[in-house]
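Student: Supplied in structure tokens, the structure appears directly below.
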Amino acid sequence: MAWLTNNPIFFMKFLSFISWLLAGLFLYGILRQKLALRQNRAFFISACFMLIPIYLVKIIQIVLRYSISNAIFFLAIFLYFTAQKSAGKFIKYSGYLLAWILFFLSFETNSFLVFYLGFLGMLLLLYRQENLGRPFLSLLYDFSKKHFFFIILPLIFGLLKVTIGQPTDGYEGYNQIILPNNLLTYIQNIWQNIVYGFFWPILAPLGILPRKIFSGILIIIVGLFYFLTKNILSNEKEGADFQPKQYLTAGLFLFILGVIPYFLVDKIPHIFGHGFAMRHALLLPLGSSLIILGAVIAVIKDRWQTMVQVILLSSFSTFTIFNYYTQDMDWYKQKAIIESLKETKNETIINATSLIFYDKMGANWQNRNVRGEEYFGYIQSAFPKEKFKFAAREEHDPVKNYYSNPDNIKFFSPGFNPAKKVVKVEIVSRAKREITTVKNWLKIKKSEVLRNEPEMLKDIKDIYRVEIIPFD
1 MAWLTNNPIF
11 FMKFLSFISW
21 LLAGLFLYGI
31 LRQKLALRQN
41 RAFFISACFM
51 LIPIYLVKII
61 QIVLRYSISN
71 AIFFLAIFLY
81 FTAQKSAGKF
91 IKYSGYLLAW
101 ILFFLSFETN
111 SFLVFYLGFL
121 GMLLLLYRQE
131 NLGRPFLSLL
141 YDFSKKHFFF
151 IILPLIFGLL
161 KVTIGQPTDG
171 YEGYNQIILP
181 NNLLTYIQNI
191 WQNIVYGFFW
201 PILAPLGILP
211 RKIFSGILII
221 IVGLFYFLTK
231 NILSNEKEGA
241 DFQPKQYLTA
251 GLFLFILGVI
261 PYFLVDKIPH
271 IFGHGFAMRH
281 ALLLPLGSSL
291 IILGAVIAVI
301 KDRWQTMVQV
311 ILLSSFSTFT
321 IFNYYTQDMD
331 WYKQKAIIES
341 LKETKNETII
351 NATSLIFYDK
361 MGANWQNRNV
371 RGEEYFGYIQ
381 SAFPKEKFKF
391 AAREEHDPVK
401 NYYSNPDNIK
411 FFSPGFNPAK
421 KVVKVEIVSR
431 AKREITTVKN
441 WLKIKKSEVL
451 RNEPEMLKDI
461 KDIYRVEIIP
471 FD
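So the sequence shown is numbered by full-length UniProt numbering: it starts at 1 and just counts up by one.
Below, the structure written as structure tokens:
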């Protein structure tokens with residue numbers, strides 16, 4: 001554990017990975033324990049939930065809190081159904097209480113307040129199946145009495161947030177309801193993400209097959225999933241299954257629930273762009289997994305369904321590995337830029353009050369946009385406070401951006417003037433060989449994990465050879 005805590009970035013990524021792994025295992029337990037779903041179906045849904053690239057930032061350290069909330073939420077559902085099966089009252093109600101507390105904690109990521117409706121809807125459907133033939137209003141009344149404390153849980157959280165949990169220090173109004181100005185544009189953007197999230201990752205591995213290492217990984221993963229699935233099928237006992245339209249309906253319902261909390265605050269779940277904003281797709285994997293399963297069952301003949309599922313999971317897995325590899329290389333590039341700024345001897349850069357960055361290197365993960373706030377983060381890491389410069393990306397006015405947000409002043413010394421010396425700089429690489437290779441990644445990762453930060457930074461500088469150059 002000391003080794004992990006001495007590598008904080010790696011530790012946070014590892015914790016995010018574990019959070020999603022646990023969430024997938026809890027989901028598998030829910031599907032098998034409460035719904036008694038066929039093992040093969042439960043395995044596909046859970047694996048797809050963990051691997052589908054519709055939410056690409058699963059283990060980025062900046063979204064760690066969302067990964068933990070996700071794991072806590074599914075743990076709460078798993079504990080609820082586990083407690084429900086207990087014969088002893090003490091264990092049952094202790095389990096309910098613990099689940100109630102965990103749900104409350106998961107609501108710290110506010111979007112789970114809406115997604116929680118999926119859990120309540122599931123409880124209502126199961127309760128109705130146990131009481132077939134009863135008038136719905138009578139059934140709803142009894143259901144509300146039985147689950148009263150879980151029904152009012154979001155209201156309790158909301159009241160506490162309104163009274164004692166309002167954000168401050170520049171975040172006033174954060175997560176307040178603001179409906180989108182252009183609904184058609186919003187729907188179009190969501191549709192684009194469905195296309196990318198469902199179909200593009202299936203073809204994406206083809207684009208990386210020329211890299212022999214990833215074609216080899218794809219072949220190995222296909223073999224692993226094939227034998228694992230065959231083993232599940234050969235040892236599978238009887239279990240429940242549903243019609244394609246039921247999987248599709250449930251998936252669409254959960255997908256919509258995953259979109260609604262961001263729709264209400266005028267955010268759009270998306271695949272590409274600024275990394276932190278990709279968190280808006282946090283709740284889409286479960287609904288997407290059910291939709292994919294329903295589509296496979298509806299369209300593919302029975303004898304080919306297993307192979308199609310294997311190909312889908314293998315494609316998602318290969319792309320996920322490639323995705324995390326390129327994420328790492330992007331982060332190492334950021335470290336290289338910071339080191340170049342730290343070591344610069346250029347007086348123009350040192351004495352500048354604002355820098356406008358022009359990135360000539362490229363190689364950004366998923367062609368993401370780098371915002372001015374990120375460039376300013378580089379400056380904060382590279383310079384002492386008295387030498388801080390405001391930062392903007394190309395084609396942006398740093399002076400205008402500085403004065404547009406009153407909170408910017410707190411980062412600078414009194415009397416700071418961003419307009420005093422504005423300098424345009426290019427980020428270039430003097431590397432003579434390709435940077436983004438598995439060989440380079442393994443070399444840096446070895447230093448990061450097994451050695452120490454100075455050796456890691458040395459390898460990064462040797463490989464990236466970044467320079468920051470002023471220009472007119």
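Positions of the beta carbon are idealized from the N, C-alpha and C atoms, including for glycine.
Predicted model only: the values in this text are computed from it and were never measured.
For Asn-408, I'd like the list of residues in its chain whose CB is within less than 6 Å of its CB, leaving aside the five on either flank, ordered along the chain.
Tutor: Excluding sequence neighbours, Asn-408 sits near Tyr-402.
Student: For Phe-227, is the classification buried or exposed, using 16 other Cβ atoms within 10 angstroms of its Cβ as the cut-off for buried?
Tutor: Phe-227 is exposed by the Cβ-count criterion.
Student: Provide the residue span of the beta strand (DSSP E) that contains Pro-470, from first to last.
Tutor: Note, Pro-470: beta strand (DSSP E), 466-471.
Student: Let me confirm a value: His-365 is counted as buried when at least 16 other C-beta atoms fall within 10 Å, else exposed. Which label applies?
Tutor: Residue 365 is actually Trp in this sequence, not His. Buried, because 16 or more other Cβ atoms sit within 10 Å of the Cβ of Trp-365.
Student: Kindly indicate which three-state DSSP category Phe-242 falls into: helix, strand or coil?
Tutor: Note: Phe-242 maps to coil in three-state DSSP.
Student: Span of the beta strand (DSSP E) holding Ile-356?
Tutor: Segment 354-359, the beta strand (DSSP E) holding Ile-356.
Student: Taking DSSP's pairing of strands, which residues face Arg-393 in a bridge?
Tutor: Arg-393 is bridged to Phe-357.
Student: Report, in whole angstroms, the separation of the C-beta atoms of residue 473 and Val-425, which I expect to be a contact under 8 Å.
Tutor: Because the chain is modelled from 1 through 472, residue 473 falls outside the range shown and cannot be assessed.
Student: From the DSSP secondary-structure annotation, give me the bridge partner or partners of Ile-427.
Tutor: DSSP lists Asp-359 and Ile-468 as partners of Ile-427.
Student: Are the CB atoms of Leu-22 and Ala-71 nearer to each other than 8 Å?
Tutor: Result yes, Cβ atoms of Leu-22 and Ala-71 sit closer than 8 Å.
Student: Rounded to the nearest angstrom, what separates Phe-17 and Ser-69 at their Cα positions?
Tutor: Going from the Cα of Phe-17 to the Cα of Ser-69 covers about 13 Å.
Student: Going by DSSP, name the residue or residues bridged to Val-422.
Tutor: DSSP lists Ser-354 as partners of Val-422.
Student: Rounded to the nearest angstrom, what separates Ile-460 and Lys-446 at their Cα positions?
Tutor: Going by the C-alpha atoms only, they are around 12 Å apart.
Student: Among residues of its own chain, excluding the 5 on either side of Asp-462, which ones have a beta-carbon nearer than 7 Å to its beta-carbon?
Tutor: Once the five neighbours on either side are set aside, Asp-462 has no close Cβ partner at all.
Student: Given Ala-352, which residues of its chain have a CB within under 6 Å of its CB, disregarding the five upstream and five downstream residues?
Tutor: Only Lys-389, Lys-421 and Val-423 meet the Cβ criterion.
Student: In chain order, what residues of the same chain have a beta carbon less than 8 Å from the beta carbon of Glu-453, not counting five sequence neighbours either side?
Tutor: Nothing listed; no residue qualifies.
Student: If the criterion is Cβ atoms closer than 8 Å, does the pair Ser-46 and Lys-58 meet it?
Tutor: Taking 8 Å as the Cβ cut-off, Ser-46 and Lys-58 do not qualify as a contacting pair.
Student: Quick one: any contact between the stretch 240-249 and the stretch 111-121, if contact means 3 or more CB pairs under 8 Å?
Tutor: In short, these stretches do not touch, since the Cβ pair count stays below three.
Student: Where does the unbroken alpha helix (DSSP H) through Ala-83 begin, and where does it stop?
Tutor: Here the alpha helix (DSSP H) through Ala-83 covers 64-84.
Student: Identify the residues that DSSP records as bridge partners of Leu-37: which are they?
Tutor: Paired residue(s): Ala-240.
Student: Please state whether DSSP places Asp-302 in a helix, a strand or coil.
Tutor: Helix.
Student: How many whole angstroms separate the CB atoms of Ile-152 and Phe-119, which I take to be in contact at a CB cut-off of 8 Å?
Tutor: Their Cβ separation, rounded to whole angstroms, is 14 Å, which puts Ile-152 and Phe-119 out of contact at 8 Å.
Student: Take His-396 and list the residues in its own chain whose beta-carbon comes closer than 8 Å to its own, dropping the five residues that flank it on each side.
Tutor: Taken in chain order, the residues that qualify are Ile-356 and Gly-372.
Student: When you compare only the Cα positions, how much space is there between Pro-8 and Tyr-127?
Tutor: Roughly 46 Å separates the two Cα atoms.
Student: How long is the line joining the alpha carbons of Leu-15 and Tyr-332, rounded to whole angstroms?
Tutor: Roughly 20 Å separates the two Cα atoms.
Student: Give the secondary structure of Glu-339 by DSSP, where H, G and I count as helix, E and B as strand, and everything else as coil.
Tutor: Here Glu-339 sits in helix by DSSP.
Student: Would you check if the distance between the CB atom of Phe-49 and the CB atom of Gly-88 is smaller than 8 Å?
Tutor: No, the pair does not count as a contact, with Cβ atoms beyond the cut-off.
Student: Output needed for Met-1: all residues of its chain with C-beta closer than 7 Å, excluding positions within five of it in sequence on either side, in chain order.
Tutor: Confidence at Met-1 is low in this model, with a pLDDT of 49, below 50, so its placement is unreliable and the value that follows should be read with caution. Hits under 7 Å: none found.
Student: Work out the CA separation of Ala-363 and Ile-217 for me, nearest whole Å.
Tutor: Their Cα atoms are separated by approximately 22 Å.
Student: On the premise that Tyr-55 lies in contact with Phe-43, defined as a C-beta separation below 8 Å, what is that separation, rounded to the nearest angstrom?
Tutor: Between Tyr-55 and Phe-43 the Cβ distance is about 20 Å, and since that is not below 8 Å, they are no contact.
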